[in-house]
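Just so you know, we're using this note's numbering here: the sequence shown kicks off at 3 and counts up by one.
All residues carry an ideal CB built from backbone N, CA and C; glycine is no exception.
To keep things clear, I will list the structure first and then write my remarks on it.
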Amino acid sequence: MTSEPQAARSFSTHRLAAAGALVVLAATLAACGDKSGAAADHGGGGAPPPPEVGVVTVQPGTVQLSTELPGRLEPSRVAQVRARATGILLKRNFVEGSDVKAGQVLYKIDAAPYDAALQSAQAQLAQAQAQLAQASATATRYKPLVAARAVSQQDYDAAVAAEKAAQAQVAAGHAAVRTARINLGYATVTAPISGRIGRSLVTEGALLSAQSATELATIQQINPLYLNITRPATQVLQLREALRSGQLARSGKTEAARVQVLLENGQTYGEPGRLLFTDLTVDPTTGQVGLRAEVPNPQGLLLPGMYVRARLTQGVQEAAFLVPHAAVTRDPRGNALVMVVNGEGKVEARPVKAEQSLGDRWVVTEG
Numbered sequence: 003m004t005s006e007p008q009a010a011r012s013f014s015t016h017r018l019a020a021a022g023a024l025v026v027l028a029a030t031l032a033a034c035g036d037k038s039g040a041a042a043d044h045g046g047g048g049a050p051p052p053p054e055v056g057v058v059t060v061q062p063g064t065v066q067l068s069t070e071l072p073g074r075l076e077p078s079r080v081a082q083v084r085a086r087a088t089g090i091l092l093k094r095n096f097v098e099g100s101d102v103k104a105g106q107v108l109y110k111i112d113a114a115p116y117d118a119a120l121q122s123a124q125a126q127l128a129q130a131q132a133q134l135a136q137a138s139a140t141a142t143r144y145k146p147l148v149a150a151r152a153v154s155q156q157d158y159d160a161a162v163a164a165e166k167a168a169q170a171q172v173a174a175g176h177a178a179v180r181t182a183r184i185n186l187g188y189a190t191v192t193a194p195i196s197g198r199i200g201r202s203l204v205t206e207g208a209l210l211s212a213q214s215a216t217e218l219a220t221i222q223q224i225n226p227l228y229l230n231i232t233r234p235a236t237q238v239l240q241l242r243e244a245l246r247s248g249q250l251a252r253s254g255k256t257e258a259a260r261v262q263v264l265l266e267n268g269q270t271y272g273e274p275g276r277l278l279f280t281d282l283t284v285d286p287t288t289g290q291v292g293l294r295a296e297v298p299n300p301q302g303l304l305l306p307g308m309y310v311r312a313r314l315t316q317g318v319q320e321a322a323f324l325v326p327h328a329a330v331t332r333d334p335r336g337n338a339l340v341m342v343v344n345g346e347g348k349v350e351a352r353p354v355k356a357e358q359s360l361g362d363r364w365v366v367t368e369g
């Protein structure tokens, strides 16, 4: 690429030559340099000289196209650890900020009242079972006697009813024992999901309440993380079409587009993710659609709440020109134009197609 001054002379329009380099005006430098000297050269009162501009020679080449979408990371799963038993907190069994497994014991609540309730329920069940045994024996004994008219039908019916009532009491006793066991289990607080647990919101000795479901801590699953992106509906449709047509690189053998995460400091995160299309409707007030990318985080380097950018590789564009931003202007209709130096050394305005930017340059594919 070279750069040299060139005076603007005349304008015309024609198609971009298929071969060779493209020489464009990179930046307007009118009135740059020594203004007083220029005025002196023209006697001070003559017409000003043609403005000098920078000229850049660009060559057609292969360009790797990509799309970058901003967003924030959030955990893939979040669970609040809450108390389901009332009592004094006796012990905390985890280190704040550490990784925990689902089912791991986190807290111990005073279980003495629940243990006593379980024993009481078991005693009541035993009593109901004894009453059932007695009622069943009476009904069995009365059955042949009522046929011999030694016992009235009314007494026999009462014995059968007493047996059924005793059976119901036994069933209720079993349910009471199960309930007492469940309540006793709530005195041991376990992790509902695997993930990274934050700081404990209570300390040993605190009185916890099952009625208010006291929050104890929060567990976040950060492997994988979700990257939530909000984009206009038109851009989402373009992404879908690019994925369907194969322009977007896919993640392994899946149908999802591969996503590369760029950190705030400009570094590229080493684990590629995949793009998920989640929201089914467009926000009627903003015209935006929510997208979600899933990003692996096995080392825990990424954290929820981080601002990152998702880069989607769209493929390779052959015979494209990378033209500096300063060399591309827009007409009143928004169409891109570049000022090109033709073979005769004259400057002409040429319409081009420049719809994507890479760094400080436009990707020009037609013109």
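Secondary structure of residue i, DSSP reduced to three states
i, result
"Asn230", "strand"
"Asn225", "strand"
"Ser211", "coil"
"Ala33", "Unreliable positioning characterises Ala33 in this predicted model, as indicated by a pLDDT of 37, which lies under 50. A coordinate reading is not provided."
"Val284", "coil"
"Ala101", "Note that residue 101 is Asp in the sequence shown here, rather than Ala. It is a strand residue."
"Leu304", "coil"
"Leu75", "strand"
"Arg201", "coil"
"Thr216", "coil"
"Arg335", "coil"
"Arg371", "The question about residue 371 has no answer, for the chain in this structure spans 3 to 369."
"Gln82", "strand"
"Ala152", "coil"
"Gly39", "Reliability of the predicted coordinates at Gly39 is poor, the pLDDT of 47 falling under 50, and the value obtained from them is presented with this limitation in mind. Helix."
"Gln358", "strand"
"Gln61", "coil"
"Ala193", "coil"
Terminal residues of the beta strand (DSSP E) in which residue i lies
i, result
"Leu91", "Gly89 to Arg94"
"Glu296", "Gln290 to Val297"
"Leu339", "Ala338 to Val343"
"Leu265", "It is not in any beta strand (DSSP E) - Leu265 carries neither H nor E in the DSSP assignment."
"Gly272", "Element bounds for Gly272: n/a, residue is neither H nor E."
"Glu368", "Arg363 to Glu368"
Check whether residue i and residue j have beta carbons under 7 Å apart
i, j, result
"Gly73", "Leu229", "yes"
"Val354", "Val366", "yes"
"Gln262", "Arg294", "no"
"Pro306", "Glu70", "no"
"Leu120", "Ala182", "yes"
"Leu218", "Asn299", "no"
"Val80", "Ile199", "no"
"Leu134", "Ala168", "yes"
"Ile195", "Ala104", "yes"
"Tyr116", "Ala161", "no"
"Val179", "Gln124", "yes"
"Val65", "Ala322", "yes"
"Val148", "Gln156", "no"
"Gly275", "Val297", "yes"
"Gln114", "Leu186", "Reading off the sequence, residue 114 comes out as Ala, not Gln. Not closer than 7 Å, so no."
"Leu91", "Glu206", "yes"
Pick from the options that is closest to residue i, judged by C-alpha positions
i, options, result
"Val107", "Pro115, Val97 and Ala114", "Val97"
"Gln290", "Arg242, Glu296, Tyr309 and Thr236", "Thr236"
"Val330", "Glu296, Arg352 and Ser154", "Arg352"
"Ala137", "Lys348, Arg335, Asp159 and Val153", "Asp159"
"Gly292", "Pro234, Ser122, Ala128 and Arg260", "Pro234"
"Leu278", "Val65, Val57 and Ser78", "Ser78"
"Lys166", "Ala141, Lys145, Leu147 and Ala150", "Ala141"
"Glu243", "Val57, Ile231 and Ala259", "Ala259"
"Arg86", "Thr192, Val340, Arg332 and Gly268", "Thr192"
"Val325", "Ala338, His176 and Gly345", "Ala338"
"Leu303", "Asp285, Thr205 and Leu265", "Leu265"
"Val238", "Val284, Ser202 and Leu203", "Val284"
"Tyr109", "Ser100, Asn95 and Ser122", "Asn95"
"Gly197", "Thr220, Ala139, Thr315 and Ser211", "Thr220"
"Trp364", "Glu350, Arg332, Val349 and Gly345", "Arg332"
"Leu209", "Gly89, Arg151 and Ala139", "Gly89"
"Thr59", "Ile111, Glu368, Ala356 and Met341", "Met341"
Residue i - containing alpha helix (DSSP H), residue span
i, result
"Tyr144", "Ala114 to Ala149"
"Gln106", "No alpha helix (DSSP H) contains Gln106, which DSSP labels as neither H nor E."
"Ala178", "Gln155 to Tyr188"
Check: residue i C-beta below 6 Å from any heavy atom of the ligand ADP
i, result
"Pro274", "What this structure holds is no ligand at all, so the ligand ADP is not there to describe."
Any chain B beta carbon closer than 7 Å to residue i
i, result
"Ala177", "Of the protein chains in this structure there is only one, and it is not chain B."
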